[in-house]
Structure formats: structure tokens, C-alpha cells
Amino acid sequence: MGKGLLIVLSGPSGVGKGTVCNELRRRLPDLVYSVSATTRNPRLGEENGVNYFFKSREQFEEMIANDQLLEYAEYVGNYYGTPRDFVEATLQSGKDIILEIEVQGALKVKSKFPEGIFVFLLPPSLDELKGRIVGRGTENQATIDHRMSVAADEIGLMENYDYAVVNDEIDQACHRIQSIIVAEHCKIRPRCEEVAAR
Ligand SMILES: Nc1nc2c(ncn2[C@@H]2O[C@H](COP(=O)(O)OP(=O)(O)O)[C@@H](O)[C@H]2O)c(=O)[nH]1
Ligand SMILES: Nc1ncnc2c1ncn2[C@@H]1O[C@H](COP(=O)(O)OP(=O)(O)O)[C@@H](O)[C@H]1O
1 MGKGLLIVLS GPSGVGKGTV CNELRRRLPD LVYSVSATTR NPRLGEENGV NYFFKSREQF
61 EEMIANDQLL EYAEYVGNYY GTPRDFVEAT LQSGKDIILE IEVQGALKVK SKFPEGIFVF
121 LLPPSLDELK GRIVGRGTEN QATIDHRMSV AADEIGLMEN YDYAVVNDEI DQACHRIQSI
181 IVAEHCKIRP RCEEVAAR
């Protein structure tokens, strides 16, 4: 059995990563979602082990020390990281896995898995982005301002990604990502390597 695809989805806060991921998981039941660890507080309705593994700073730092994370980063005052074993076991079993992570972490994953597929989700506009974060109603004003200032830097790193997908309509955005996954599965990798070697 071949290895599964490792798909990384990034994009600024409020662009719709969570919404798009949930819809993709509904449409593609075989797609595995990597549940991250974080030190941020759970939002209303978020469940430990489903949305995130919620950890104290001490617990998170222990995971770092024990090399349990494939990557981790600090984002707006909190740690976020990807549990390593789950990702590796999923890929070995031949299944595709999606990591919804921010840009610094994505670049670390890219250095370890250059064969990964890196997708950047873009808002139709920065005004619409701000409207979505405010509309979600989960962040206070200071956090919204901080996240918006990080958004510009994140979009500046988009050129490190393979694909840019605009999340104008959820249905369209998911359709584009599904098309990318199908195309990647159809790739004739040996031929690509042969061509590159010429
Ligand atoms: N590096 C890294 N970033 C993560 C991880 N999990 C989530 N993130 C990112 O951390 C950022 C903040 O996540 P969150 O607080 O849930 O806010 P949201 O993106 O607005 O829903 C987002 O860009 C997430 O994609 C992870 O395991 N590693
Ligand atoms: N294509 C879209 N059109 C309009 N609103 C959207 C769209 N995608 C997501 N949203 C809304 O934007 C807000 C932020 O989405 P969310 O998935 O939480 O973003 P992220 O995980 O990137 O921070 C949510 O209220 C969500 O319902």
C-alpha cells in the first residue's frame, strides 16, 4: 500500500479554515484530521480531543521536551503543535491526513515532508476577513487586532505554498481543494522525477 497524502491547510484567522475542514471531512469520510495540541482556552462548544487537545503550558513544554510534536509554534500568545505519532501512523496506513496549522509550523512540516501538499486559504478581501472574525464572536477586540496584524505577515508567506484557494463560497472552496487532492493522487511521480533528472 502506498503512503497517504499529507495535506497542510493554512490561512489567516477567520478565513474559514475550520469551516472548510469540517465540510471536507463530511464530504471525504476517509480523510483523517490531525487534532493539534494547544495552550489556548477552549471556545464555547469545543471539546478536548475533538477540536484540540487542551494543555497547560507545562504539559505542552513536556510534549516538546519528549519530542512528541512534529512541529509547534507560538501564535498570538499560545502554543500550538501537531502530535507526531498520529500523523506518521496515518500516512503509513495509506490514508490521507489534513493538518490545519499556521504558517511557521507549516514551513517546519515542509522541511520534514517536502512531498506534502501545501494549500493556503485566502479571504475574498481583508475587509471580509475582519468581518468573519468579528462575526464569529469568539475573540475580544485586542485579540482580533492582533490576529489581523498577523494576517498580513501570513499572507506574505503564501509563496511557500503549492496552491492558493479563495474561500469566497464554502462549497466552491471545498470543491477546489477536493480537485487538488484528486489531481495529486493522479500524479505520476516517477515520471516527474525522471523529467527533473534530465
Ligand atoms: N503550528 C501550528 N499551528 C496550529 C496548530 N493547530 C492550529 N494551529 C493554527 O493556530 C492558529 C490559531 O488557531 P485558533 O486559535 O484555533 O484560531 P482560528 O484559526 O481563528 O480558529 C490558526 O492559524 C491554526 O491553523 C498546530 O498544531 N500547529
Ligand atoms: N465562505 C464563507 N463565507 C462566509 N462566511 C464564512 C465562510 N467560511 C467561513 N465563514 C465564517 O467565518 C467565520 C470564521 O470561520 P472559521 O472556520 O472559524 O475560520 P478559521 O478557522 O480560519 O479561523 C465563521 O463564523 C464562519 O462561519
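For the sequence shown, position 45 matches number 45 in the UniProt record's numbering, and the numbering has no gaps at all. Just so it is clear, CB atoms sit at the ideal spot from N, CA and C, and this is done for glycine as well.
Should residue i and residue j be called a contact, given that it needs their Cβ atoms to be closer than 8 Å?
i: residue 38; j: residue 79; result: yes
i: residue 34; j: residue 82; result: yes
i: residue 27; j: residue 186; result: no
i: residue 170; j: residue 14; result: no
i: residue 126; j: residue 160; result: no
i: residue 117; j: residue 23; result: no
i: residue 152; j: residue 129; result: no
Measure from the alpha carbon of residue i to the alpha carbon of each residue in the options, then state which is nearest.
i: residue 168; options: 20, 94 and 95; result: 20
i: residue 105; options: 4, 9 and 5; result: 9
i: residue 97; options: 85, 129, 103 and 107; result: 85
i: residue 155; options: 184, 182, 183 and 124; result: 124
i: residue 56; options: 40, 70, 172 and 44; result: 40
i: residue 137; options: 151, 77 and 44; result: 44
i: residue 109; options: 128, 88 and 182; result: 88
i: residue 100; options: 46, 32 and 114; result: 32
I'd like the list of long-range same chain contacts for residue i, defined as Cβ closer than 7 Å, with 5 residues on each side in sequence excluded.
i: residue 64; result: 72
i: residue 11; result: 17, 120, 121 and 122
i: residue 91; result: 3, 4, 6 and 97
Once you ignore the five residues that flank residue i on each side, which residues in its own chain have a CB closer than 8 Å to its CB?
i: residue 158; result: 120, 122 and 164
i: residue 53; result: 35, 36, 37, 38 and 83
i: residue 68; result: 83, 84 and 85
i: residue 42; result: 48, 51, 52 and 54
i: residue 147; result: 12, 13, 14, 76, 133 and 139
Could you tell me which residues DSSP pairs with residue i in its beta bridges?
i: residue 54; result: 38
i: residue 79; result: 74
i: residue 113; result: Paired residues: none, contrary to the question.
i: residue 33; result: 98
i: residue 69; result: 83
i: residue 120; result: 10 and 164
Quick one: residues in its chain with C-beta nearer than 6 Å to the C-beta of residue i, no 5 flanking neighbours on either side, listed in chain order?
i: residue 75; result: 102
i: residue 176; result: 165
i: residue 180; result: 163
Hey, residue i and residue j are a contact pair by Cβ (cut 8 Å); roughly how many whole angstroms apart?
i: residue 95; j: residue 30; result: 6 Å
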